[in-house]
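**Q**
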Amino acid sequence: MLSPTMVVLALVVLYPLVAAMRESFYESGQRLDADGFVVEGEWFAGLANYAGVVEQRFMNAAFNTTLFTVVTVALEVVLGVAMALVMRRAFRGRAFLRASILIPWAVPTAVAGLMWKWIFQADGVANTLLGTDILWTADGPWAKLAVVIADTWKTAPFVGLLVLAGLQIIPSDVYEAAKVDGSTPWQTFWRITLPLVRPALLVAVLFRLMDALRVFDLPYVLVGPRKQSVETLSGLIWDEATRVHYGPASAYGTALFCYIAVIAFVFVKLLGADLLSDVRSRRREARDVA
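Every position in the sequence shown, counted from 1, becomes a number in this note's numbering once 333 is added.
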């Protein structure tokens, strides 16, 4: 029954991955053969393409990607949890508030990038409100901050939506019992809400980690290509591929794939162990009941 799905996954995921890994060991273009003639084609290069992994440009892109991921995911988790707590409350106009909070996430990334580019331009809204003349979209530290702000604005609602789904399944009796016992709002959040919503929060963080590690479109649209301060690994791969350097591009892509795979494995192994044990215990309980 799973064979059609496995075939589709093999065609759209496995084959491109294997092809990219194979391409990372080859170079293409023109070279001199043993007789001194210029020949054009493809030849095996071994690990030569992976030598760029230790070069300054790749390391800078890796640093930008890691910094961007850590900062944005941390901000989005804090804001997303706050949004979920607000959206969970029962008050007049809650449906309108929920729709308003989710609008940034529904906006396409390219459109969001163009909108924030207009906000951060020299005579834009940001400088007008702050009374400054900061070049937000130029190559520099302010460009990093601009990308962080734009991505946090766009993706925090996604975290809030997943956390809200986790909050909806928490029984109200738990909060009533905590209130009777004299629990303060902070104690209720720290000892009841956060532990019970942890599975949904971990899923949201994992999705955002994998998404942020391969970010490309927002820095490209907001700041531009080949900008050292905001160039990510995906941007570096795109730049090499557009210059027909398919070997180095494939090598960088393979390195990025391994980086994301290691991060996901460590995240699930360290923070998701309790979740997996809970699933196993529920299965054992279900078998015992049956």
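Beta carbons are placed, not taken as given, at the ideal position from N, Cα and C, and that holds for glycine.
1) Alpha carbon to alpha carbon, how far is A417 from V612? Give it in angstroms, no decimals.
2) Below 7 Å between beta carbons: does that hold for A282 and Y383?
3) F522 by DSSP, collapsed to three states: which one?
4) Report the rounded CA-to-CA distance for V403 versus V513, giving the unit in angstroms.
5) Are A533 and A511 closer than 7 Å when you measure CB to CB?
6) From W376 to L495, what distance separates their C-alpha atoms?
7) Does the beta-carbon of Y348 have 16 or more other beta-carbons within 10 angstroms, so that it is buried, or is it exposed?
8) So, is L551 buried or exposed, given that buried needs 16 or more other C-beta atoms within 10 angstroms?
9) S583 bridges to which residues according to DSSP?
10) Looking at the structure shown, is E375 part of a helix, part of a strand, or coil, going by DSSP?
11) For I452 and V458, which I take to be in contact (beta-carbon distance under 8 Å), what is that distance rounded to the nearest angstrom?
12) Of all the options G379, V548 and D472, which has the alpha carbon lying nearest to the alpha carbon of T488?
13) Comparing C-alpha positions only, which one of G580, V599 and V563 sits nearest to M392?
14) Look up Y508 in the DSSP assignment and give the residues it is bridged to.
15) I'd like the span of the alpha helix (DSSP H) that includes V458, first residue to last.
16) Determine the closest residue to A471 out of N397, K560, L400 and P518, with distance taken between C-alpha atoms.
**A** Here's the rundown:
1) A caution first: V612 carries a pLDDT of 49, below 50, which makes its placement in the model unreliable, though a value can still be read off. When the Cα atoms are used, V612 and A417 turn out to be separated by approximately 25 Å.
2) Residue 282 is absent from the structure shown; the chain starts at 334 and stops at 623.
3) When secondary structure is reduced to three states using DSSP, F522 falls in the helix class.
4) The straight-line gap from Cα to Cα measures roughly 39 Å.
5) Taking 7 Å as the Cβ cut-off, A533 and A511 do not qualify as a contacting pair.
6) The straight-line gap from Cα to Cα measures roughly 48 Å.
7) Around the beta carbon of Y348, fewer than 16 other beta carbons lie within 10 angstroms, which makes this residue exposed.
8) Taking all protein chains shown into account, L551 has 16 or more neighbouring C-beta atoms within 10 Å of its C-beta and is therefore buried.
9) Note: S583 sits in no beta bridge, so no partner.
10) DSSP places E375 in strand when its eight states are reduced to three.
11) Right, their Cβ atoms sit about 5 Å apart.
12) If we check each option's Cα against that of T488, V548 comes out closest.
13) Looking at G580, V599 and V563, the one whose alpha-carbon comes closest to that of M392 is V563.
14) Partner(s): none; Y508 has no beta bridge.
15) Run containing V458: V458 to L463, per the alpha helix (DSSP H) assignment.
16) Taking A471 as reference, the option from N397, K560, L400 and P518 with the minimal CA-CA separation is K560.
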